[in-house]
Structure formats: structure tokens, C-alpha cells
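Peer 1: Adding 397 to a residue's 1-based position in the sequence shown gives its number in our numbering.
Backbone N, C-alpha and C define an ideal beta-carbon position, used for all residues, glycine too.
Small disclaimer: the values here were computed from a predicted structure and weren't measured.
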Amino acid sequence: MDINFPKHKRVAHSMALFVLPAFCVLVGLVFMGVNLWLSVFLSFLAVGVTFFLRIYRYRRHHSKFLDCFGKSIKNSYFYQSEYAIGAVPFENKFLSCSARIDGDNLLFGRSRHFRSVELGKIIDIEILQCLGHEVAKLEIEDSKDSRPLFIPWSPLLAEKVKFSNGI
Numbered sequence: 398m399d400i401n402f403p404k405h406k407r408v409a410h411s412m413a414l415f416v417l418p419a420f421c422v423l424v425g426l427v428f429m430g431v432n433l434w435l436s437v438f439l440s441f442l443a444v445g446v447t448f449f450l451r452i453y454r455y456r457r458h459h460s461k462f463l464d465c466f467g468k469s470i471k472n473s474y475f476y477q478s479e480y481a482i483g484a485v486p487f488e489n490k491f492l493s494c495s496a497r498i499d500g501d502n503l504l505f506g507r508s509r510h511f512r513s514v515e516l517g518k519i520i521d522i523e524i525l526q527c528l529g530h531e532v533a534k535l536e537i538e539d540s541k542d543s544r545p546l547f548i549p550w551s552p553l554l555a556e557k558v559k560f561s562n563g564i
């Protein structure tokens with residue numbers, strides 16, 4: 398497995414996105430006369446549920462987007478061989494995605510939602526940098542969505558694809 402995730406340190410800005418709203422809810426509950434420990438619990442619960450729902454929504458949209466490409470495959474079939482996993486852009490966010498090549502098919506997707514596309518149906522591959530790692534921007538024939546598909550790219554995939562006139 399080739400892991401292609403960015404490594405970054407937690408900085409004050411990213412921590413503030415979680416701590417600041419929780420602190421605001423905490424102060425509001427304390428001024429309303431709620432017990433301090435209950436206020437702390439409720440504030441972190443409110444912020445945690447909000448973040449969970451936002452992440453769940455993007456994952457659900459990504460699953461529907463993946464349905465526009467190729468045909469569905471089983472998880473067990475995808476995990477039979479080595480694959481690349483990494484963060485790819487989707488609607489101004491970054492989500493986890495896996496990819497591998499099996500014969501004449503490109504297999505890609507995320508856990509419990511994998512798809513297969515024939516390599517011959519790929520019109521164009523453009524290798525881009527995303528968060529310090531390579532991702533492939535694909536244009537696929539017969540896709541039901543006009544947006545490009547991004548998959549993690551690695552030497553593991555590059556050695557199995559021969560580039561000539563697009564692909």
C-alpha cells in the first residue's frame with residue numbers, strides 16, 4: 398500500500414476552529430447557570446456533532462459523485478492487491494480516496510464504495526500537486542458528471558500505465 402497523505406503539524410489556527418466555538422458555548426451555558434462540568438460536556442458535544450455532520454455530508458456527496466463513473470465493485474475485490482491511498486480535492490475539501498490498477502481496469506473509491514473504469518475509457522490524465530503529493534485529474538468517457546475525478550497517484554500506478562496520446 399502506498400500512502401499519499403500530507404503530514405502537517407497541528408497549528409493554533411486549526412485548533413482554534415474547534416476550541417473557540419466550544420469556549421463560546423461554554424461561556425453561554427455558564428452564564429445561564431448550568432453546572433460547569435455539564436457546560437463543558439455540552440459545549441464539546443455540540444461542536445463535535447457539528448463537525449461529524451459536516452464530514453459525513455461531504456463523504457455522502459463524494460459517494461454520490463463516484464456513482465457517476467464506471468461500475469460498482471466489492472470491497473473484497475479491491476483489497477486483493479496493492480493500492481495507493483491519499484487525500485484528493487473534492488468541493489474545496491480534501492477526502493480520502495484509494496486507487497489501483499487491475500489488468501485493463503482502474504479501480505478507485507473509498508471504503509465501502511469502490512468503482513471500476515476501463516483504462517480505454519479514460520480520455521485524459523493530468524498529474525497535479527495536491528497538499529505536497531501527486532494526484533491524477535481524470536476525464537472519463539461516458540461520465541454522468543462534468544466535474545473531473547481526482548485519484549491519488551503514485552509510482553505504483555505510474556508503472557502500470559503507459560502514456561500515449563492521453564493515456
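Would glycine 563 be called buried (16 or more neighbouring beta carbons within 10 Å of its own) or exposed?
Peer 2: In the sequence shown, the residue the question calls residue 563 occupies position 166. The predicted model places glycine 563 with a pLDDT of 48, which falls under 50 and marks its position as unreliable; any figure quoted below should be read in that light. Under this definition glycine 563 is an exposed residue.
Peer 1: Rounding to the nearest angstrom, what Cα-Cα distance links arginine 456 and glycine 467 in this structure?
Peer 2: Taking the first residue of the sequence shown as position 1, residue 456 is located at position 59. Taking the first residue of the sequence shown as position 1, residue 467 is located at position 70. Those two C-alpha atoms are separated by around 19 angstroms.
Peer 1: Please state if the CB of alanine 496 and the CB of tyrosine 476 are separated by a distance shorter than 8 angstroms.
Peer 2: On the sequence shown, residue 476 is found 79 positions in, with the first residue counted as 1. On the sequence shown, residue 496 is found 99 positions in, with the first residue counted as 1. No, these two residues do not count as a Cβ contact at 8 angstroms.
Peer 1: Could you tell me if proline 552 is buried or exposed, where buried requires 16 or more neighbouring beta carbons within 10 angstroms of its beta carbon?
Peer 2: The residue you call residue 552 lines up with position 155 of the sequence shown. Per the 10 Å Cβ criterion, exposed.
Peer 1: What does the alpha-carbon distance come out to for the pair isoleucine 452 and leucine 554?
Peer 2: Within the sequence shown, numbered from 1, the residue matching residue 452 stands at position 55. Within the sequence shown, numbered from 1, the residue matching residue 554 stands at position 157. Whole-angstrom Cα-Cα distance: 28 angstroms.
Peer 1: Can you tell me whether serine 436 is buried or exposed, with buried defined as 16 or more other CB within 10 angstroms of its CB?
Peer 2: For this step, residue 436 is matched to residue 39 along the sequence shown. It is buried - the Cβ of serine 436 has at least 16 other Cβ atoms within 10 Å.
Peer 1: Enumerate in chain order the residues of its own chain whose CB-to-CB distance from serine 440 is below 6 angstroms, with the five nearest sequence positions on each side excluded.
Peer 2: By one-based count along the sequence shown, residue 440 stands at place 43. Result list for serine 440: Ala419, Val422 and Leu423, in chain order.
Peer 1: Taking only beta-carbon atoms, is asparagine 472 less than 8 angstroms away from chain B?
Peer 2: The chain inventory of the structure shown lacks chain B, comprising one protein chain alone.
Peer 1: Suppose contacts are defined by Cβ-Cβ distances below 8 angstroms. Is isoleucine 537 in contact with valine 514 by that definition?
Peer 2: As a working note, residue 537 is residue 140 in the sequence shown. As a working note, residue 514 is residue 117 in the sequence shown. In contact: isoleucine 537 and valine 514 (Cβ atoms closer than 8 angstroms).
Peer 1: Give the DSSP bridge partners of histidine 458, in chain order.
Peer 2: Your numbering for residue 458 matches position 61 in the sequence shown. In the DSSP output, where bridge partners are listed per residue, histidine 458 has none listed.
Peer 1: Just verifying my parser: in three-state terms, what is the DSSP assignment at serine 495?
Peer 2: Numbered from 1 along the sequence shown, position 98 holds the residue referred to as residue 495. In this structure, serine 495 counts as strand in the three-state DSSP scheme.
Peer 1: Which ranges does the alpha helix (DSSP H) cover as unbroken runs of at least 4 residues, wholly within the segment 430 to 481, from first to last along the chain?
Peer 2: The segment 430 to 481 contains these whole alpha helix (DSSP H) runs: 433 to 463 and 472 to 475.
Peer 1: Could you give the DSSP three-state label for glycine 500: helix, strand or coil?
Peer 2: Taking the first residue of the sequence shown as 1, we reach residue 500 at position 103. Of the three classes helix, strand and coil, the one that applies to glycine 500 here is coil, per DSSP.
Peer 1: In three-state terms, what does DSSP make of proline 418?
Peer 2: Taking the sequence shown and counting its residues from 1, the one referred to as residue 418 is at position 21. Looking at proline 418 - three-state DSSP - the assignment turns out to be helix.
Peer 1: Please say whether phenylalanine 487 and histidine 459 have beta carbons closer to each other than 8 angstroms?
Peer 2: By 1-based counting over the sequence shown, the position of residue 459 is 62. By 1-based counting over the sequence shown, the position of residue 487 is 90. Yes. Within cutoff.
Peer 1: Do arginine 512 and isoleucine 470 have their beta-carbon atoms positioned less than 8 angstroms apart in this structure?
Peer 2: For the purposes of this step, residue 470 is taken as the residue at position 73 of the sequence shown. For the purposes of this step, residue 512 is taken as the residue at position 115 of the sequence shown. In contact: isoleucine 470 and arginine 512 (Cβ atoms closer than 8 angstroms).
Peer 1: Distance, Cα to Cα, glutamine 526 vs leucine 442?
Peer 2: By 1-based counting over the sequence shown, the position of residue 526 is 129. By 1-based counting over the sequence shown, the position of residue 442 is 45. Whole-angstrom Cα-Cα distance: 36 angstroms.
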